[in-house]
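Enquirer:
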Amino acid sequence: MNFLEQLAYEWYSYSGYFVRSNIKYDKRPNGGYGGEMDVVAFDYKSNKLIHIEASMDADSNAIRVERFTRKFAIPIEKYNLCLNTDVSAVEQIAIVGTAKSTIDFGNGIRHVTIPSFLNYITREVKDLDPMKAAISEGYPILRGIQFSNYYLFRE
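One point on numbering: in our numbering, the residue at position 56 of the sequence shown is 58, and numbering is uninterrupted.
1) Is it the case that the Cβ atoms of A56 and V98 are separated by a distance below 9 angstroms?
2) Over what stretch of residues does the alpha helix (DSSP H) that includes V89 continue unbroken?
3) Measure the Cβ-Cβ separation of F107 and R66 and say whether it is below 9 angstroms.
4) Compute the Euclidean distance between the alpha carbons of P132 and N121, then round it to the nearest angstrom.
5) In angstroms, rounded to a whole number, what distance separates the CA positions of N49 and S90?
6) In terms of residues, what are the limits of the alpha helix (DSSP H) holding R112?
7) Helix, strand or coil: which one does DSSP assign to A43?
8) Quick one: Cα of L51 to Cα of I137, how far?
9) At what residues does the alpha helix (DSSP H) containing K102 begin and finish?
10) Is the CB-CB distance between N151 and V127 below 9 angstroms?
11) By alpha-carbon positions, which one of L130, S17, Y46, M58 ends up nearest to E7?
12) Could you spell out where the beta strand (DSSP E) holding S160 opens and where it closes?
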C-alpha cells in the first residue's frame, strides 16, 4: 500500500466509514487475480460506497485516463459480491497528479489532485488540539498531519 492509499484508508476510517484496502477480485485459475481495488469505504448509515484509486505516478494524462478507466471498470454486481453490500451506485475517486488542471476520466470518475486531497484533510484537522482531541495512534499519518499543523504557528 503506498502513502496515498494509506492516507485515504486512514481518512475515511477516521471519518466513520468501514474501510478495506487491496481487495483482490476475479481469481484466475492459473494464479493471480483479474484486478485489485486500492481502497473501498462504506458508510452503513447512508449505504454509500466509495472506491478510491491513488497513484503518485509521473505518467501523462493520456496514460492515466487509460489506466484509471480500466481500474474503475467494475460492474456494480462485483462490488456487491466482493463487499457483501447492496448498493446501487459507487462513487469513484482517482487521487493522482499535482498539476492544478483537472483530468476528465469520464464515466463519472472524480479526479482529485494530491495537493487538493492533502489540503482538504489538513483543513479538517488543523485546529484539533492534539492534547484535547488527539487523532488515534492507529492513524499515524493523520496524527502526524494534526500535530504538525496544529503547532506550526503556535510556538
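For each residue, glycine too, the CB sits at the ideal point set by N, CA and C.
Expert: In brief:
1) Mapped onto the sequence shown, residue 56 falls at position 54. Mapped onto the sequence shown, residue 98 falls at position 96. In this structure, V98 lies closer than 9 angstroms to A56 by Cβ.
2) On the sequence shown, residue 89 is found 87 positions in, with the first residue counted as 1. In the DSSP annotation of this structure, V89 is not part of any alpha helix (DSSP H), being labelled neither H nor E.
3) Working through the sequence shown from its first residue, we reach residue 107 at position 105. Working through the sequence shown from its first residue, we reach residue 66 at position 64. Contact flag set, yes.
4) Position 130 of the sequence shown, counted from the start, is the residue given in the question as residue 132. Position 119 of the sequence shown, counted from the start, is the residue given in the question as residue 121. Whole-angstrom Cα-Cα distance: 19 angstroms.
5) Locating residue 49 in the sequence shown gives position 47, counting from the first residue. Locating residue 90 in the sequence shown gives position 88, counting from the first residue. N49 and S90: Cα-Cα distance of roughly 9 angstroms.
6) Numbered from its first residue, the sequence shown carries residue 112 at position 110. Premise fails: R112 lies in the beta strand (DSSP E), 112-114, not in any alpha helix (DSSP H).
7) In the sequence shown, residue 43 corresponds to position 41, counting from 1. Assigned with DSSP and collapsed to three states, A43 falls in strand.
8) Indexing the sequence shown from 1 puts residue 51 at position 49. Indexing the sequence shown from 1 puts residue 137 at position 135. Going by the C-alpha atoms only, they are around 24 angstroms apart.
9) Against the sequence shown, residue 102 aligns to sequence position 100. Unbroken run through K102: none, as it is neither H nor E.
10) Translated into positions along the sequence shown, residue 151 becomes position 149. Translated into positions along the sequence shown, residue 127 becomes position 125. Contact: yes.
11) For the purposes of this step, residue 7 is taken as the residue at position 5 of the sequence shown. The shortest Cα separation from E7 among L130, S17, Y46, M58 belongs to M58.
12) Because the chain is modelled from 3 through 157, residue 160 falls outside the range shown and cannot be assessed.
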